[in-house]
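Protein chains: 2
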Amino acid sequence: MSLLAVGTIAFDSIETPTDSRIRIMGGSATYFSYAAAFFAPVSLVGIVGKDWPDSYSRLLEERGIDLAGVVRDLSQDSYFWHGRYTINFQDRETLECQLRGFDKWVPIVPEQFLRSRFVFLGAASPTVQLQTLAQCNLPEFVFADTVDMWIETAGDDLRCVLARVNCLLINDSEARQLTSEQDLVRAGRKIQAMGPTMVVIKKGEHGSLFFHEGSIFPCPAFPTDRIVDPTGAGDSFAGAMIGYLTCQPKLDRRVLLNAIHYGTVVASFTVGGFSIEGLEAIEMSDIEERRTEFRNMLGVD
Amino acid sequence: MSLLAVGTIAFDSIETPTDSRIRIMGGSATYFSYAAAFFAPVSLVGIVGKDWPDSYSRLLEERGIDLAGVVRDLSQDSYFWHGRYTINFQDRETLECQLRGFDKWVPIVPEQFLRSRFVFLGAASPTVQLQTLAQCNLPEFVFADTVDMWIETAGDDLRCVLARVNCLLINDSEARQLTSEQDLVRAGRKIQAMGPTMVVIKKGEHGSLFFHEGSIFPCPAFPTDRIVDPTGAGDSFAGAMIGYLTCQPKLDRRVLLNAIHYGTVVASFTVGGFSIEGLEAIEMSDIEERRTEFRNMLGVD
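Heads up: the protein sequence lines correspond to chains A and B, in order. Quick note: the first sequence uses the working numbering, first residue -4, plus one each step. Quick note: the second sequence uses the working numbering, first residue -4, plus one each step.
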């Protein structure tokens, strides 16, 4: 029951309304893997540059993440993102984004990962997503994420990805951008018509909408006023959700709702610190405790 | 088990991105009463002008709403609101609001309503809210709503109201305005510190946050893409929630969550038509059916 994940491993510089950090560990695949590893063994495929510290790799390995698929490119530095959040984290702006060849990178899935049952195509270019998928040996379930940059610049390739994935995770503004549909219920259904039978629209502090065949499951966020840095909330939501699903014998309604709840709860820990600090500080028992609290809030007994 | 409601009874002219209506029945107390009357007998206290048609009053009476407390002021026309919704109903602007003496009106609660167990002080001026309360004979539970206009112009009186109510219902932007707090979790707690042990922050398409003593219960909206006119959604949410509570022997966690679910579901019918059309078209069985669907969506069995 292993989970293969591909995506960005990066340095982030973050400015929030009250604090800031320079060159901390970030990247969608990093957050995803770290959250997923609470639930299932994760094999990570990605690329880092010559500036990537071994201590960061060790942090991931200590959580049981297999880094055999992470190559180090000594010709350049790592992916770098510099972002700033506005008042109350309502919006964020990208001040700088250095792909450093990430868009031209050709992923190589190590032999021992090729038979992974579940595959997560993180927010890499659609080309990288398709190259990853081409190497895999008929995975049972394929999840994907995408971001505004690829919707803008690689729409046709993204359509090819969508035709081949079972579940797309996407945030609200990007769902609107992808479908030219302001209403999120319509946007979700339009994405389903592009291929995935499941779609998760992530709405940040407002929770998520999960589309499964003809049904929609809305889920609020776990209410918290202790937001230090929202970066990675959506990626760790995806990691916990998919990590949990990886170990389930079948994906029925109850299991899918549990997965959404785990995603919601783990994301609420992520926003409590910079980088993966909020997740480093907890154990599975903390996740279970907050999940019970969340279920009580929803009236699920 | 009767419910006394005071608030605006009005004409609305509405412009949506796709349609419009001129001088249809509106007003916070109108929506509130119509929704509450599915669950409990409602006694309405309000004022209408010389232009108010008997047919509108009959619509309310046919639903079992007692209008003995509604006076007709033959010296002027009724309260009038003209609003416009922007693309996808994300925002609305007030183009015209004619109070027509509503802010100077002195409410008179009829003798037979004075012992109402539950009282809802709709979004009238704090003066009207306090005058209503002064006449009531120790109601068991007092709910109130308010809007930006009163927060801006009558803050001190509003504080007096808050000190005397058990539950405030307020929308997200107004909760921020009232507390000078951008974070809604903090805003809700600040409002609790002003008096009400219960606070409901209504977030429109994103659902609600219900604060009860030390707990918070987040609830998503019922997902729908059939939005004709969102006017009155919050008022009918309040009506269904409080109407349901009026008939319950005690207000424990399960009953309070049921109340939020009824509010959510009834609001989703309201937005399906202009004025009260969405509620006129349904019966209690439709509400129960959608509530079951909503509970399934949340995983509450």
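Think of the CB as a built atom: it goes at the ideal place given N, C-alpha and C, for glycine as much as any other residue.
Using a Cβ cut-off of 7 Å, which residues of the segment 73 to 105 of chain A contact any Cβ in chain B, in chain order? I82 and N83
Keeping to the same chain, check which residues put their C-beta closer than 6 Å to that of B/G190; ignore five residues upstream and five downstream. L157 and A158
Can you tell me whether DSSP reads A/I211 as helix, strand or coil? strand
Less than 8 Å between C-beta atoms, sequence neighbours within five positions excluded: which residues of the same chain meet that for A/C155? Taking A/C155 as the centre and dropping the five residues before and after it, the same chain places the C-beta of P121 and L125 closer than 8 Å to its C-beta, in chain order.
Taking 8 Å as the CB-CB cut-off, is B/Q177 touching chain A? yes
Does the segment 95 to 114 of chain B come into contact with the segment 12 to 21 of chain B, if we say contact requires no fewer than three beta-carbon pairs (one atom in each stretch) closer than 8 Å? The answer is no - the segment 12 to 21 of chain B does not touch the segment 95 to 114 of chain B, with fewer than three Cβ pairs under 8 Å.
For the structure I just gave you, are there three or more beta carbon pairs, one from the segment 85 to 92 of chain A and one from the segment 19 to 31 of chain A, closer than 8 Å? no
Considering B/E57, what are the terminal residues of the alpha helix (DSSP H) in which it resides? Here the alpha helix (DSSP H) through B/E57 covers D49 to E57.
Could you name the residues of the segment 201 to 228 of chain A whose beta carbon sits closer than 8 Å to any beta carbon of chain B, in the order they occur along the chain? Those would be H201, G202, L204, S210, I211, F212, P213, C214, P215, A216, F217, P218, T219, D220 and I222, in chain order.
I want to know whether the segment 49 to 66 of chain A touches the segment 26 to 36 of chain A - three or more CB-CB distances under 8 Å. Judged by Cβ distances under 8 Å, the segment 49 to 66 of chain A makes contact with the segment 26 to 36 of chain A, as three or more pairs qualify.
Can you tell me which of the three DSSP states B/T226 falls into? Coil, per DSSP.
I need the straight-line Cα distance from B/L252 to A/T174, nearest angstrom please. 35 Å
Cα-Cα separation between A/D178 and B/D220, rounded to whole angstroms: 7 Å
What residues of chain B sit near A/M292, judged by a beta carbon separation below 8 Å? S210, I211, F212 and P213
Quick one: list the residues of chain A neighbouring B/L252, beta-carbon separation under 7 Å, in chain order. G294
Give the DSSP-derived three-state secondary structure of A/E91 in the structure shown. strand
How big is the Cα-Cα spacing for B/R112 and B/V250? 17 Å
Other residues of its chain near A/R286: CB distance less than 8 Å, five sequence neighbours each side excluded: Excluding positions up to five away in sequence, the list reads H256, Y257 and V260.
Identify every run of the alpha helix (DSSP H) within the segment 217 to 293 of chain A, keeping only runs that are complete inside it and at least 4 residues long; order them along the chain. 228 to 241, 248 to 265, 272 to 275 and 279 to 293
Starting from the N-terminal side, write out each stretch of the alpha helix (DSSP H) that is 4 residues or longer and does not extend beyond the segment 77 to 140 of chain A. Correct list: 121 to 130.
Compare the C-alpha of B/T81 against each of B/D224, B/S270 and B/R248 and name the closest. B/D224
Which residues does DSSP list as the beta-bridge partners of A/F33? In DSSP, A/F33 forms no bridge with anything.
Give a yes or no on whether 8 Å exceeds the smallest Cβ distance from A/V180 to chain B. yes
DSSP beta-bridge partners for B/E325? Because residue 325 of chain B is not part of the residues shown, which for chain B are -4 to 296, the question remains open.
Rank A/C92, A/F6, A/V266 and A/G209 by C-alpha distance to the C-alpha of A/D46 and give the top, closest one. Cα-wise, what sits closest to A/D46 is A/F6.
Just mark A/R67 as buried or exposed, buried being the case when its beta carbon has 16 or more other beta carbons within 10 Å. exposed
Quick test of your reading: A/V65 and A/L39, contact by CB under 8 Å. State the CB separation rounded to the nearest angstrom. 6 Å
How far does the beta strand (DSSP E) with B/S8 in it extend, from its first residue to its last? B/S8 -> beta strand (DSSP E) spans A5 to E10.
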